[in-house]
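Numbering (the working numbering), first residue to last: 20 to 1008. This report concerns only the one structure given below.
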Amino acid sequence: MPFQRQKNLLGWIAFSISLLVYVLTIEPTTSLWDCSEFLVSAYKLQICHAPGAPLFLLLGRVFSLLSFGNVEYVAVMINLVSAVASAATVMFLFWIAVWLTEKVAGEQRLAVLLSAFIGALAFAFTDSFWFSAVEAEVYALSALFMAAVLWSATKWEREADRDGANRWILLIFFLTGLSIGVHLLNLLVLPTVGLIIYFKKRKPTLMGGLAVLAASGVFVLVLMKVFIPGVFSLAGPLELLAVNQLGLPVNSGFYAYLLIWIVALTAGLVYSHRKQLPKLNFALLASVFLMLGYTSYLVPFIRSAANPPVDQGNPETTFELINYLKRENYGSRPLLYGETFGSVPESYVERKSYRYDGEGYVPIRLNPKVLFAEGTTSLLPRMNSREPEHMKAYASWVNMKGKKVGYQTKEGRSEETTIPTLGENLSYFWNYQLGHMYWRYLMWNFVGRQNDIQGMGGPENGNWLSGIEWLDRARLGDVAEWPSELRHNFGYNRYFFLPFLLGLIGLIFQYRREKQGFWSLLVLFGIMSVGLVFYINEIPVTPRERDYVFVGSFFVFALWIAFGALALFDWLKNFSTPRIALVFTGVLAGLAGPGILLHQNYDDHDRSDRYSARELARNYLMCCEPNAILFTRADNDTYPLWYCQEVEGIRQDVRIVVMPYLNASWYLPQINQKIYDNEGVLLTIPVKKYAEGDLDYLPVVPKLDRKPDLKEVLQFVASDSSKTTVSLQTGEKMKFVPVNQMYLNLNGKSIPIELENNYIMRNELAFWDILNSNANERPICFTAYSDAQAYGLADYLRYDGLVYRLVSEPQKSESPLERGQVDTERLFENLMNQCRWESLKDRSVYFDWHHRRLFASAQIRPAFYRLAKALVQTKQFERAQLVLQEAEKVMPFRNWPLDYYSVMMSELYFEIGDLSQGEQQLVYLSENLDEWINYYLNLEDLTGKVSLNELEKQLFYYQKLAAIADANKLELADLLNDKLGGYLKMLNS
């Protein structure tokens, strides 16, 4: 068989093997984070968060049609986009590896194919890449574009001296344009493409290579900072002229702008062709193909005009589209020079955009640019967050002393502030950003992983691990002494350094044999690792691990694994025939690469029976009364609920209001609209006034000596009377709130409201407006107690299972265990009958850390405890026993570790008279705590980032167990007290 056919066939075999594994392990429904949002947006072509992923959504829509109308299969069909894209990425990696290794192996073509195959499958089964391959996220498709662009460059390199070779360059531009409609990570492969072209066309020199890298780097920055936001931004002035001056319909200027581009590019192509200007013609063709790919961004522009239920950013007019592409609702972090946590804001530069009000464009305020006092900014500002949690975390990664710098206030006073030194910034970069947030991820993928729990810097969770006992013991303690929960964690993956060593050997082998290819790969690896780490400038506390961002560098390392397999063959053939060397290479490298990765990673990447995200979202909705308004607060208690409503049509009567979105000018008009049969959320202040920006910040200036109804205050703010404004020192007039105490009328009862600050923000005003305008007509619910607590409503809640319902009768909550009143019958009906827990009860299903943490944040175990306790207090012991038994099935320790509610539940068994089961629970819990306490006490450094706090918590639980045993006069009590005394003695010694 010709080599080309062998290469193509093996590429497709790699594709098929990968796809088979991904299909076998794919999530059958929605997942956490942005996956549900992408599923919803793809299924009905709605608008996801800025800057969107329109090409991914279009492909998802096509794949969703394969469900043939069965909404329960929509999610898995869209998840297949990632599976197919990932398998195709593996195939392209194989072909790229063939191109690279051919340059070294010469005529040993079977060795080339085998090595490339091993490298490709090794990448297929890496931790981070496999994770993205089985869910509806953009990273798998982004990796495909990266691989396809690099493969296209190799095709050009093979044909560079033939006519028509430049068609591959045009393909690269087209793929680059398309990739922008997925994710910007693909752009980072372009400097490597530049090097491939340079090495083919020029005699390489150091200065020449650096010049190519600089030029391609500038090109990437131009694409990211100028082309992507700027192409449509240029339409702004024309749109203003067309609509405001000429009176044309909205977006007329935008369409005229597109027409100008089409005419200009067409004219340029015709001119350059007739005048025989090939370089100009090619440049224009490249621009055309780039912009053709980028036209996927017309999808959110067009679809937003239809006002779909999910319409984030509302990019239906020219200026809203521009703001959407520029991610105006998101902040930014300085890179080379700028503010740190100690920098002092000095002034603000106002920025504006325009909003279409039905007649023309009116100016609106954007977030202002903050200017900082001279001398308080820093070079390479790595530590720039002012949040208290982040400030504390900075100190845990860096020996922070800082330096005092002086500055002048507006009043001319001399003041001092403390900012981090350059050395401390670099130390944070090295220790946390590069070490913890990249090196750890690289080792996860090619050396091994301790567990699937998010790492915070302590020795017990989220570290890399090899499986080599003496090496792991030096870093993480004796593995044999770990608690069984750690040793049996599905994410406990040990590769014994084998894939890493294979890649390291391959790196050295390529450097010695083929330096041009080595430098091309090293540049790509550096950009996708250190370059990304520097650009992202990560904060010290993140909601999830960020390993998926660095998959491009793992792609490169897998290519070095292919070279490692080739190096092994090259060495073995010195001792045997090439055929025998080939067999041994296949066995040894195959086991050390893809074999061990597949074996170790399969269990913690198998999501085939996991329905927990959908199940939990459905339970949130089912705990709400009919026609409720449900306030949510974050991705994982919002997007899965959208999925249930928008895809599967579950409880569409519940209106979801996302608390963080209340700050966005586009959001209130959307919740004010009717969706399906769900009436819009009523507002006392007209939506138009919120959109104008005058209510973004309101000073609280008490001028009334009474506590008015909240409705009266809102009407005051909504009024156009001059009496509703105050004059600032600048002479500007501003709306204000005339009281700091008022009341909400709910079912004829008054709920007191007190504004603690001397100002109120738009999101706070909107929240009170929603409550005032709807609370007497629709049930008001919260997924998070803390949201209601932040507004002073903690004593006016009823606990209905997974949600808190606003009620008019107060009840003081003396303890976190008593948050919200309990209606026993309602709570029993919700938890035992309305909610479904089949997925959580299934012991064959693997729940990763973020699912388990979601079970905890959703307060599932506390919900069962509170219900059981309420039943015990009303002497309903049989029902209480049913609840306790259900709780054990729904929330065993594999779903969430032992916590305070586990301890308190054990006490309830004694109160219902089930002494045997109660004692069994005490023994079971104490044995679990014994493992953890001994583990922490045997750590060499107990003063680490997490360990000491965890130990103190475990000892507190143990003390509670001993007290329960004492209270019930069990023989176990003496044993528990003796052990507790020994533990405390060890701690204090």
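Ideal placement from N, C-alpha and C gives every residue a C-beta, glycine not left out.
- In the displayed model, N697 falls within a strand according to three-state DSSP.
- In this structure, the alpha-carbon of M475 lies about 7 angstroms from that of G481.
- Annotated as proximal: I675 and T657, with beta-carbon spacing under 8 angstroms.
- Within the same chain, Cβ atoms closer than 7 angstroms to the Cβ of E154 are found at E46, S50, C54, N98, S101, the five residues on either side in sequence being excluded.
- Just measuring C-alpha positions, the residue of Y514, V570, F582, R626 sitting nearest Y530 is F582.
- DSSP places M761 inside the beta strand (DSSP E), whose first and last residues are 760-765.
- In the structure shown, P518 falls within a helical segment according to DSSP collapsed to helix, strand and coil.
- About 5 angstroms separates the beta carbon of S151 from that of Y567, a gap short enough to meet the 8 angstroms contact definition.
- When DSSP states are grouped into helix, strand and coil, Y380 belongs to the strand group.
- For R346, the CB contacts under 6 angstroms within the same chain, skipping 5 residues up- and downstream, are A69, P70 in chain order.
- Separation of R845 and A889 (C-alpha to C-alpha, rounded to the nearest whole angstrom) is 12 angstroms.
- DSSP, read as helix, strand or coil, puts M780 in strand.
- Residues of the same chain with a CB within less than 7 angstroms of the CB of A785, apart from the 5 flanking positions on each side, are L681, L687, Y709 in chain order.
- Nearest neighbour of G361 by Cα position, chosen from E339, P387, E393, D330, turns out to be E393.
- Going by DSSP, Y426 is part of no alpha helix (DSSP H) but of the beta strand (DSSP E) stretching over 422-427.
- The segment 326-379 is shown to contain whole alpha helix (DSSP H) runs of 4 or more residues at 337-344, in chain order.
- A Cβ-Cβ contact shorter than 8 angstroms links C854 with M641.
- Scanning the segment 709-765 from its first residue to its last, the whole beta strand (DSSP E) runs of 3-plus residues come out as 716-718, 744-746, 752-754, 760-765.
- Look at W501 here: in three-state DSSP terms it is coil, with no helix or strand label.
- With a 10 Å radius around the Cβ and a threshold of 16 neighbouring Cβ atoms, W175 comes out buried.
- For V677, the enclosing beta strand (DSSP E) starts and ends at 674-677.
- In the three-state reduction of the DSSP assignment, F866 falls in the coil class.
- Segment contact: the segment 636-652 against the segment 819-836, three or more CB-CB distances shorter than 8 angstroms; contact assigned.
- Residue S548 holds the alpha-carbon nearest to the alpha-carbon of F573 among Q904, S548, E557, E926.
- A distance below 7 angstroms between beta-carbons, with the five flanking residues on each side excluded, links V168 to the following residues of its chain, in chain order: I191, L194, T195, N205, V208, V212.
- Secondary structure of P659 (DSSP, three-state): helix.
- In the three-state DSSP reduction, R598 falls in the helix class (H, G or I).
- For P400, there is no enclosing beta strand (DSSP E), as DSSP gives it neither H nor E.
- The DSSP-derived three-state label of V466 is coil.
- In this structure, the beta-carbon distance from T359 to N403 falls below 8 angstroms.
- In the same chain as T120, and ignoring 5 residues on each side of it, the C-beta atoms closer than 7 angstroms to its own belong to V131, S134, A135, A581, F582, L585, in chain order.
- Here the C-alpha atom of I281 lies approximately 26 angstroms from the C-alpha atom of V237.
- Within the same chain, R855, S858 come within 6 angstroms of E634 by CB-CB distance, once the 5 residues on both sides are set aside.
- For P771, the enclosing beta strand (DSSP E) starts and ends at 768-773.
- Nearest Cα to E365 within the set G431, A159, L578, P21: G431.
- Checking the DSSP bridge columns, you'll see W579 has no partner listed.
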